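Numbering (full-length UniProt numbering), first residue to last: 1 to 70.
Encoded structure:
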């Protein structure tokens, strides 16, 4: 299974993913590239910038939209 397929499976199950989740759970180091590949394949993926409630560090959460494909 490719990294892109692994991420799509995660998005379908959980609905969203962050860089940290991609790296720690799936060993994917280049999440932005894999998200671009999914978007290029027609998947409806939104990004949402957030801040960690304790540290204030900003991060991006990628969310699989509805409908799944555009």
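Glycine included, C-beta positions come from ideal geometry on N, C-alpha and C. Since this is a predicted model, take the numbers as computed values, not measurements.
Checklist entry - Is it right to say residue 14 is buried, meaning 16 or more other beta carbons lie within 10 angstroms of its own, or is it exposed? => result exposed
Item to check | Local conformation of residue 2 per DSSP, three classes | outcome: coil
Next on the checklist: Within a Cβ cutoff of 6 Å, which residues of the same chain sit near residue 31, ignoring the five residues on either side of it in sequence?
Outcome noted: 19, 22
Item to check | Beta-carbon gap between residue 50 and residue 61 smaller than 8 Å | outcome: For residue 50 and residue 61, yes; Cβs fall inside 8 Å.
Checklist entry - Taking the C-alpha atoms as reference points, what is the distance between residue 5 and residue 63? => result 15 Å
Checklist entry - Who are the near neighbours of residue 65 in its chain, counting only those whose CB is closer than 7 Å to its CB and skipping five residues on each side? => result 44, 45, 46
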